[in-house]
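Asks:
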DNA sequence: GTCTATACTTGGATAGAC
DNA sequence: GTCTATCCAAGTATAGAC
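Chains as they are written, first to last, in the working numbering: chain G, 5 to 218; chain A, 5 to 218.
1) Roughly how many angstroms separate the alpha carbons of residue 60(G) and residue 76(G), rounded to a whole number?
2) Under a CB-based cut-off of 8 Å, is residue 39(G) close to chain A?
3) With a threshold of 8 Å between beta carbons, is residue 207(G) in contact with chain A?
4) To the nearest angstrom, how far is it from the Cα of residue 111(A) to the Cα of residue 25(G)?
5) Do residue 152(G) and residue 169(G) have their C-beta atoms within less than 8 Å of each other?
6) Give a yes or no on whether the minimum CB-CB distance between residue 128(A) and chain G is below 8 Å.
7) Would you mind sorting residue 198(A) into buried or exposed? The rule is 16 or more other CB atoms within 10 Å of its CB.
8) 8 Å is my cut-off, CB to CB: does residue 80(G) come that close to chain A?
9) Please name the residue in 140(A), 201(A), 194(A) and 161(A) whose C-alpha comes closest to that of residue 70(A).
10) Is the stretch 185 to 194 of chain G close to the stretch 90 to 97 of chain G, with three or more CB pairs under 8 Å?
11) Any C-beta of chain G within less than 8 Å: which residues of the stretch 171 to 195 of chain A qualify?
12) Given a threshold of 16 other Cβ atoms within 10 Å of its Cβ, counted over all protein chains shown, does residue 149(G) qualify as buried or as exposed?
13) Please report the residue range of the alpha helix (DSSP H) in which residue 189(G) lies.
14) What does the alpha-carbon distance come out to for the pair residue 20(G) and residue 124(G)?
15) Relative to chain A, which residues along the stretch 151 to 171 of chain G have a C-beta separation below 9 Å, given in chain order?
16) Between residue 70(G) and chain A, is the shortest Cβ-Cβ distance under 8 Å, so that the two count as touching?
17) List, in order along the chain, the chain G residues whose C-beta lies closer than 8 Å to that of residue 122(A)?
So, in structure tokens, the structure goes:
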């Protein structure tokens, strides 16, 4: 079923000619957004990174902006899968901070949030891009809110609604990525996560395991 | 002393011909960064916004990047003056949050933080720009740290060093600006400030005016 | 359906007229 | 000190070969 003929080597790459061209371009777009930023992610730069002809971008995606959005989609999907799996086994605030820290490191290494940041910042320059990017941000908010709600419970809902807190967390996450990326020093941000864990521990110690929780 | 001849109207604009061309360009660069983003801030776009010839950018600043940095300098100086004045009369955490809220609104309207964000995000695309932008970020950290130290005192220094907290605050500020700017809704961010004030009030109520304070 | 070659536009930067 | 004209590189996009 896979491929007729001399198929014997890796099938994961691309089927015969170029079924993988789209994928290659998307991966290249992610890479370019990370390393060159939005302004540096031209059709030529992305195509060179993907080692394909520049014109293929317009054949496959119609415009550079569309390719960039496809790249953002891919990143979002990948991350949400990962996030969801990581948060499933979280019960306490300290555990949540631990997971958040691990995820932040991954995001930093892989440059996933960098892609998000560049797309948000770059949206100003391309008419119509803003709403598209905005729409793709939804899952990030939803995820953050879900994680917060699941961990903190309805205890502090009155003083800080989960939705608002989630908004702030996403904002902080984006900001930390920007600053970290700017001068290549992840120490400051990671230090902040460490302190957050201490505060979470404090919170746990103060608040009784009270309500309906087992 | 001001101007020889028929000087009678506004002198603030420019002296005679164009002593203000530099200034006009800088203001236009700020405007363009705000509305078109880094990627949209080309020499031609800026020059058109300033209503001057495009070549003048290279005469006065040598390159577009240099003009953009000059714009960032101007914004930083303007804001630090304002910030410093605003924080002088602040004693309590709730007051600090009030001042921060007011400043955030101003920054949003004027687009000052947008300039910062665009320059940080755009730095990836231009070799050598990163360190320059990074250097210009120093005052913002210093200011945030000073504000935090002055208000919160050495009480929670052990659990959250002011430097780290300041780093996080700047990051949050940048992130909130990005999100707000993206979908033009400042409500979410301002709501967060409102909650921050409640938390600050809570903090004041809990912690005794204790130590050496009058 | 996939890719290459090419047309056309915009951007950065400079030389020289005023 | 300012402006015009211009060069060249880089960008987007398409027409047409395979």
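Positions of the beta carbon are idealized from the N, C-alpha and C atoms, including for glycine.
Replies: Walking through what the data contain:
1) 19 Å
2) yes
3) no
4) 44 Å
5) yes
6) yes
7) exposed
8) no
9) 140(A)
10) no
11) 171, 172, 174, 175, 176, 177, 178, 179, 180, 182, 183, 185, 186, 187, 192, 193 and 195
12) buried
13) Careful: residue 189(G) lies outside any alpha helix (DSSP H) and carries neither H nor E.
14) A caution first: residue 20(G) carries a pLDDT of 40, below 50, which makes its placement in the model too unreliable to give a value.
15) 163, 164, 165, 167, 168, 169 and 171
16) no
17) 125 and 128
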